[in-house]
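Note that my numbering numbers the sequence shown so that position 66 is 170, with each residue one more than the last.
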Amino acid sequence: MLSDRVRARVAAAHFWHLATVNPDGSPHVSPMWVDIEDDHIVFNTAVGRVKEENLRRDPRLSLSCVDPADPYDRVVIRGRAVEFVLGEEADRSIDALARKYLGVEHFAWRVPGEQRVKVVVQPTHARHVVGVEPFRPGSGPSRPPER
């Protein structure tokens, strides 16, 4: 499902923006650290965060990332949260992300009493676009204007 170019972007230490759906249908967007495990995208948050509550209620999500060297080179991944992992595995996951993004052994920004959760995402659609994205078939300048 994920091309080599998309996998390379996820494997790099780039910041991603995670969009989830609030209870009222509006979007909630958070910058995130992400990684790839087999054919899944993973990220980590804390139990009780808006993104975690949104995904438990509605697992649909979108992730986007621009190349820091070229903001016209971007990747968008849509998918579903398919697993919420708690306990030691979640703690190891946030430490692995801290090593990837910060070069440190342990995530140091824990809030007293928080419970970490590793979120596993099954991608359903991924696209890599450089430059101007083409119009979808049946839309764009060839379509008659609405009246």
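Built from N, CA and C at the ideal position, the CB exists for glycine as well.
Query                                                                                                                                                 : Result
Provide the residue span of the alpha helix (DSSP H) that contains GLU141, from first to last.                                                        : Per DSSP, GLU141 belongs to no alpha helix (DSSP H); it is in the beta strand (DSSP E), 138-141.
Mapping the DSSP letters down to three states, classify ASP108 as helix, strand or coil.                                                              : helix
Taking C-beta to C-beta, are LYS204 and TRP137 nearer than 8 Å?                                                                                       : yes
ASN148 and HIS132 - do their beta-carbons sit closer together than 8 Å?                                                                               : no
What are the boundary residues of the beta strand (DSSP E) that ALA123 is part of?                                                                    : 120-125
Where does SER197 land, buried or exposed, given buried means 16+ other C-beta within 10 angstroms?                                                   : buried
I'd like to check one pair, PRO127 with ARG161: are the Cβ atoms closer than 8 Å?                                                                     : yes
Which whole runs of the alpha helix (DSSP H) in the region 122-200 are 4 residues long or more, in chain order?                                       : 154-161
Using the three-state DSSP reduction, which class does VAL114 fall into: helix, strand or coil?                                                       : helix
Given this structure, state the Cα-to-Cα distance separating ARG220 from ARG113, to the nearest angstrom.                                             : 25 Å
Check this for me: beta carbons of SER134 and LYS155, under 8 Å apart or not?                                                                         : yes
Given a cut-off of 8 Å on the beta-carbon distance, is the pair THR228 and GLY191 in contact?                                                         : no
Under a Cβ-count criterion, where at least 16 other Cβ atoms within 10 Å of its own Cβ denotes burial, should PHE239 be classed as buried or exposed? : exposed
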